[in-house]
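Protein chains in written order, with this note's numbering: chain A, 67 to 262; chain B, 67 to 262; chain C, 67 to 262; chain D, 67 to 262.
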DNA sequence: TATGAATGAGTTTTCATTCAT
DNA sequence: TATGAATGAAAACTCATTCAT
């Protein structure tokens with residue numbers, strides 16, 4: 067999953083595009099506006115990207131790489147601070163969402179991918195979620211050892227929680243997000259506490 | 067929230083539109099195609115609906131009403147069958163999703179509402195979720211009585227679970243859906259079991 | 067130039083149409099809006115008029131008849147009051163213009179007739195102007211007798227003055243109208259005074 | 067009132083548009099036909115003008131500038147040839163009208179401006195008329211000196227005459243135009259002759 | 001006489017894309 | 001690498017008109 071080397075201009079286009087796609091989605095985004103934001107004319111985009119699709123995919127892959135790194139670093143921090151498994155990410159997602167156009171873009175795209183490139187989007191997002199699952203499983207195993215089966219169940223549950231929070235980010239207030247995060251983490255911790 | 071009386075032709079348009087909107091979303095849906103599906107020409111749509119927006123809103127409200135009724139009936143059935151609180155809906159959502167264009171449309175719309183009518187969409191979907199919350203709380207209270215605060219936490223968690231399943235419906239396989247449903251319901255039941 | 071007998075409904079349509087045509091012109095007027103104003107649906111118009119053109123022509127002819135009558139009565143009043151020839155009309159045109167949608171409609175239509183019916187419009191308006199000319203010539207001849215040639219020159223001038231005032235009505239303020247009327251009538255009176 | 071620099075293609079569009087607008091007016095002109103006349107497709111117009119309104123305004127301003135220049139040059143010529151004040155313009159307007167689509171367009175537009183841009187049209191035409199007034203006043207003052215008040219009255223009258231001739235251009239024959247011009251100029255000269 | 005439904009032709013406008021420069 | 005110009009296709013929407021009821 068290596069990213070292409072892009073020229074400085076192409077990078078500016080990506081930066082402009084990620085915010086635009088995040089806000090309006092694929093269909094309602096116009097190359098014209100993206101080009102303006104990047105300080106060039108529409109036609110010039112084609113010097114950098116073969117098509118709207120190609121630009122979208124490139125932006126998507128860069129955003130995925132970035133958010134995957136964010137998740138990894140989050141789990142590292144969590145284990146350093148002795149937080150309960152999966153808590154760090156759940157508690158920092160809201161902040162990340164408002165700070166990162168990339169995350170907003172990834173979520174919007176993953177949930178409702180443009181028909182033209184649905185397979186690419188879906189498989190990419192699955193890799194992102196695999197990263198989350200991986201981080202969570204490692205955190206769980208730091209505590210004690212689990213049967214594969216049990217581990218899988220908790221991993222499924224945790225991914226479900228994260229997706230639930232993703233949704234809350236997209237259509238609710240910060241307060242509602244906090245309530246949901248608290249409630250779902252409580253379920254998780256309660257259930258884990260029964261496994262002793 | 068009474069629905070308008072629509073003429074037979076207008077109803078045919080709604081039926082055609084709900085599937086189209088569910089599959090392609092607002093932006094990528096064309097009135098031309100919807101009209102064809104409804105067996106008329108584009109211009110004829112305007113005898114029934116003032117604009118694309120107006121059609122979309124009408125369809126959305128009808129879909130919401132229908133899915134709200136489905137949820138209500140689900141909770142009624144659950145209590146009749148002695149199922150654990152909230153299980154019926156979680157276990158039937160996938161089937162419903164594949165059977166009901168209305169549900170697919172509602173979820174797609176709620177998660178990524180078209181900018182033009184975001185407020186209408188959001189407030190409508192909140193009412194739908196309130197119905198879910200209401201059903202779940204009543205189911206919980208059939209078992210034993212709860213402090214308001216505890217009840218609210220479990221309601222938040224349950225809505226989170228439902229949203230999580232919504233997401234899984236949109237981008238995953240039936241098998242993955244089942245795994246997630248099992249895992250999250252286990253968390254819920256485990257946590258509730260600690261409240262004795 | 068007899069007018070048709072119209073049913074009460076058809077008359078209501080004419081009344082609605084004259085204001086609409088006067089304000090928006092032929093092209094920018096929509097039968098839909100005219101029908102609404104007349105308290106019926108668009109399709110019902112066709113029970114009364116064969117087409118948009120036919121409605122327009124009917125309205126035009128009624129308006130012309132009405133304004134022709136107004137001019138006649140004006141010249142009658144003028145001679146009764148001993149006013150200088152042509153003064154009454156020049157001085158009452160502004161008031162009439164603001165009170166009569168028919169006059170506004172006639173002027174708008176005469177100056178820029180819709181291509182489809184230009185000949186009808188033009189010949190109709192010429193008859194209206196002939197009425198003005200006739201009234202003015204008679205008023206002149208009440209004073210003393212004129213050579214045909216002289217009479218024709220003054221009649222041409224007077225019609226020119228009236229058209230000039232028509233224009234001022236369409237695009238200027240009442241104050242500007244008054245200044246122009248005063249100035250042109252002064253020219254007329256000065257010139258007539260030289261004929262003794 | 068500087069005019070934009072337009073590309074050759076944009077100029078071709080303007081040239082095509084002025085004739086079309088002059089003949090059919092704003093509402094009945096279609097961008098499709100204008101584009102054909104300019105040798106391009108409809109969509110290409112938008113590379114040069116942001117909208118139908120913008121094109122119309124641009125064309126209008128160019129036409130106004132051109133006709134203002136024509137009037138100025140006319141008054142210059144008049145004073146060179148020793149013609150009576152205001153005669154040159156009155157006598158050349160008909161010829162100009164048939165030769166200049168710009169003049170036809172300006173008059174049509176000024177008399178019945180499209181609702182969307184009425185203020186722009188009106189204020190522009192007033193400047194044009196100010197030019198006429200200015201030229202006439204200077205011509206008057208070459209003969210002898212006038213009280214401000216008298217000057218204003220004759221200026222009002224002269225503008226009235228010009229508007230009257232404008233109207234005659236739009237709906238009458240060349241012969242009728244000549245009769246009217248003769249008659250009105252006679253009034254003007256008679257009245258001026260009384261001021262010695 | 002009135003109307004709901006339908007429609008063909010037309011409108012302005014947007015868009016992704018191409019190409020010569 | 002950048003862009004001005006051009007374009008085919010499609011969008012939403014409007015309109016005068018027809019017709020069965």
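Using N, Cα and C, we set each Cβ at its ideal position, and we do this for glycine too.
Minimum Cβ-Cβ distance from residue i to chain D less than 8 angstroms
| i | result |
| --- | --- |
| residue 190/C | no |
| residue 252/C | yes |
| residue 219/C | yes |
| residue 83/C | no |
| residue 164/C | no |
| residue 146/C | no |
| residue 227/C | yes |
Residue i, buried or exposed, once every other Cβ within 10 Å from all chains shown has been counted against 16
| i | result |
| --- | --- |
| residue 134/B | buried |
| residue 210/C | exposed |
| residue 239/B | exposed |
| residue 247/D | buried |
| residue 124/C | buried |
| residue 170/B | buried |
| residue 229/C | buried |
| residue 226/C | buried |
| residue 144/D | buried |
| residue 151/D | buried |
| residue 234/D | buried |
| residue 164/D | exposed |
| residue 73/B | exposed |
| residue 105/D | exposed |
| residue 180/A | buried |
| residue 206/A | buried |
Chain C contact for residue i (CB, 8 angstroms cutoff)
| i | result |
| --- | --- |
| residue 233/D | yes |
| residue 183/D | no |
| residue 214/D | no |
| residue 236/D | yes |
| residue 63/D | This structure gives no information on residue 63/D, because the portion of chain D shown stretches from 67 to 262. |
Straight-line Cα distance separating residue j from residue i
| i | j | result |
| --- | --- | --- |
| residue 204/D | residue 140/D | 13 angstroms |
| residue 86/B | residue 160/C | 58 angstroms |
| residue 130/A | residue 191/A | 7 angstroms |
| residue 95/D | residue 223/C | 35 angstroms |
| residue 118/D | residue 97/D | 7 angstroms |
| residue 182/A | residue 188/A | 12 angstroms |
| residue 146/C | residue 261/C | 24 angstroms |
| residue 76/B | residue 112/C | 25 angstroms |
| residue 149/D | residue 84/D | 32 angstroms |
Endpoints, alpha helix (DSSP H) assigned at residue i
| i | result |
| --- | --- |
| residue 239/A | No alpha helix (DSSP H) holds residue 239/A; DSSP gives it neither H nor E. |
| residue 162/D | 153-165 |
| residue 141/C | 118-147 |
| residue 87/B | 74-94 |
| residue 186/C | 184-209 |
| residue 102/A | 97-103 |
| residue 109/D | 108-111 |
Supposed close pair residue i, residue j - CB separation, criterion 8 angstroms
| i | j | result |
| --- | --- | --- |
| residue 178/C | residue 178/D | 5 angstroms |
| residue 264/D | residue 136/D | Absent from the structure is residue 264/D, since the part of chain D shown begins at 67 and ends at 262. |
| residue 88/A | residue 176/A | Not a contact, Cβ separation roughly 12 angstroms. |
| residue 91/D | residue 93/C | 7 angstroms |
| residue 194/D | residue 172/D | 7 angstroms |
| residue 253/D | residue 253/C | 4 angstroms |
| residue 153/A | residue 251/A | 6 angstroms |
Interface flag, residue i vs chain A, CB-CB below 8 angstroms
| i | result |
| --- | --- |
| residue 96/B | no |
| residue 260/B | yes |
| residue 119/B | no |
| residue 112/B | no |
Below-8 angstroms beta-carbon distance, residue i vs any chain B residue
| i | result |
| --- | --- |
| residue 246/A | yes |
| residue 122/A | no |
| residue 77/A | no |
Distance cut-off 7 angstroms: residue i Cβ against heavy atoms of the ligand FAD
| i | result |
| --- | --- |
| residue 175/C | For the ligand FAD, the structure offers nothing, since it holds no ligand at all. |
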